[in-house]
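Everything on this sheet refers to the single structure shown next.
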Amino acid sequence: MYETSVQENQAKPIAIYVHGLGSGAASTTVCTVRKVFSEYEWIALEVNENPFESVEKINAAVSEFKPSLLMGTSLGGYYVYYAEAPYVVKVICNPAMNMAELIPKIGFGTYSYFVARQDGKTEYTLDEAVYRRFTEYSKSHKAVRGIRNYALFAAHDELIGDADTLDNMALVFESGYKLLLDSTGGHRLRAASLKLLRKEITE
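All residue numbers for the sequence shown refer to numbering that gives the first Met the number 0, where the first residue is 0 and numbers rise by one.
Put into structure tokens, the structure is as follows:
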């Protein structure tokens, strides 16, 4: 159910990571996150293209593992934004807050996952039903703040686009997130970006 590095009787605080669209719990980004934030024991969740199911899964993991940190990138950032974790530090990286608008831009169709999935699926579909679910979810749900909230944005996010990135920044700022800017990165999360983020969180 989870891709985890948690050991029995572990002494490190637990953190949960949520991947982006088309990815999975075994992504290379998970490995990078574990190296940069080595003071945590990481649990990588595997989510899908259904916000109702995915946020429910995150909520269940938060309840079970009681993490100190909850991080999500891209689509995972969108999910973390809505997750019920009021007593957790929340971090969202290049969050796809405009997910409903992104789907038609990406294009309706069936796509291959970038990594091997725990659920055994190799493809996912973006269609009108998925678009409607995200539209409905964004309209019917509100942000849940953590004890501290950080949002990392790339200055030139090639997937989200400049105008929508600014809109996303305004949205999360109004929801109580401290904004951090990666001046040289793109949509894919880099080790350098994570190091800047870690410095901000741990200071």
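Ideal Cβ placement from N, Cα and C applies to all residues, glycine included.
Between which two residues does the alpha helix (DSSP H) containing ALA154 stretch? What you label residue 154 is simply residue 155 of the sequence shown in a count that begins at 1. Per DSSP, ALA154 belongs to no alpha helix (DSSP H) and is neither H nor E.
Compare the beta carbon distance of LEU68 and ALA25 with 8 angstroms and say whether it is the shorter of the two. Counting from 1 along the sequence shown, the entry for residue 68 is found at position 69. Counting from 1 along the sequence shown, the entry for residue 25 is found at position 26. No. Outside cutoff.
Measuring alpha carbon to alpha carbon, tell me which of SER73, SER22, SER174, ALA82 ends up nearest VAL114. Here the question's residue 114 lines up with position 115 in the sequence shown. It is SER22 whose Cα lies nearest to the Cα of VAL114.
According to DSSP, which residues form a beta bridge with ILE15? If you number the sequence shown from 1, residue 15 lands on position 16. Residue pairing from DSSP places ILE15 in a beta bridge opposite ILE42, LEU69.
Examine the Cβ distances between the stretch 179-193 and the stretch 84-101 and report whether three or more of them are shorter than 8 angstroms. The stretch 179-193, when compared against the stretch 84-101, does touch it at the 8 angstroms Cβ threshold.
If you scan the stretch 127-152 from start to end, which runs of the beta strand (DSSP E) of 3 or more residues do you find wholly inside it? Here no run is fully enclosed.
Taking CYS193 and THR27 to be in contact with their CB atoms under 8 angstroms, please state how far apart those CB atoms are, rounded to whole angstroms. The count along the sequence shown starts at 1 and reaches residue 193 at position 194. The count along the sequence shown starts at 1 and reaches residue 27 at position 28. First, the amino acid is wrong: residue 193 is Leu here, not Cys. About 12 angstroms; that fails the 8 angstroms criterion.
Within a Cβ cutoff of 8 angstroms, which residues of the same chain sit near ASN58, ignoring the five residues on either side of it in sequence? Sequence index remark: in the sequence shown, residue 58 carries index 59 (1-based). Excluding sequence positions up to five before and after ASN58, its CB lies within less than 8 angstroms of the CB of ALA82, GLU83, ALA84, all in the same chain and listed in chain order.
Alpha carbon of ARG189 to alpha carbon of HIS140, nearest angstrom: Looking up residue 189 in the sequence shown gives position 190. Looking up residue 140 in the sequence shown gives position 141. Distance from the CA of ARG189 to the CA of HIS140, rounded to the nearest whole angstrom, comes to 30 angstroms.
Let's test the definition: count the other Cβ atoms within 10 Å of the Cβ of GLU45 and tell me whether it reaches 16, buried, or not, exposed. Your numbering for residue 45 matches position 46 in the sequence shown. Under this definition GLU45 is a buried residue.
Hey, how far is the Cα of LYS198 from the Cα of ALA162? Looking up residue 198 in the sequence shown gives position 199. Looking up residue 162 in the sequence shown gives position 163. Our two residues, LYS198 and ALA162, have alpha carbons roughly 28 angstroms apart in a direct line.
If I measure Cβ to Cβ from SER53 and keep anything under 7 angstroms in the same chain, skipping five residues before and after, which residues do I get? Reading the sequence shown from its first residue, position 54 is the one you call residue 53. Only residues of its own chain outside the window of five on either side were considered, and among them VAL46, ASN47, TYR78 have a CB closer than 7 angstroms to the CB of SER53, listed in chain order.
For LEU196, collect the residues of the same chain with a Cβ closer than 6 angstroms to its Cβ; drop the 5 residues on either side in sequence, then sort them by chain order. Start at 1 with the first residue of the sequence shown, and residue 196 comes out as number 197. Answer for LEU196: LEU151, listed in chain order.
Within a Cβ cutoff of 7 angstroms, which residues of the same chain sit near GLU7, ignoring the five residues on either side of it in sequence? Translated into positions along the sequence shown, residue 7 becomes position 8. Only weak support is given to the placement of GLU7: the predicted model assigns it a pLDDT of 48, under 50, and the question is left unresolved by the model.
Assuming the contact rule is C-beta atoms closer than 8 angstroms, TYR80 and VAL171 should be a hit. Round their C-beta distance to whole Å, please. Position 81 of the sequence shown holds residue 80. Position 172 of the sequence shown holds residue 171. Contact between TYR80 and VAL171 is confirmed by a C-beta separation of about 7 angstroms, below the 8 angstroms threshold.
Applying the 10 Å Cβ sphere with the 16-neighbour rule, what's the burial state of ASP126? Sequence index remark: in the sequence shown, residue 126 carries index 127 (1-based). So ASP126 ends up on the exposed side.
Collapsed DSSP secondary structure at GLU20 in the structure displayed: The residue given as residue 20 occupies position 21 in the sequence shown. Residue 20 is actually Leu in this sequence, not Glu. It is coil, neither helix nor strand.
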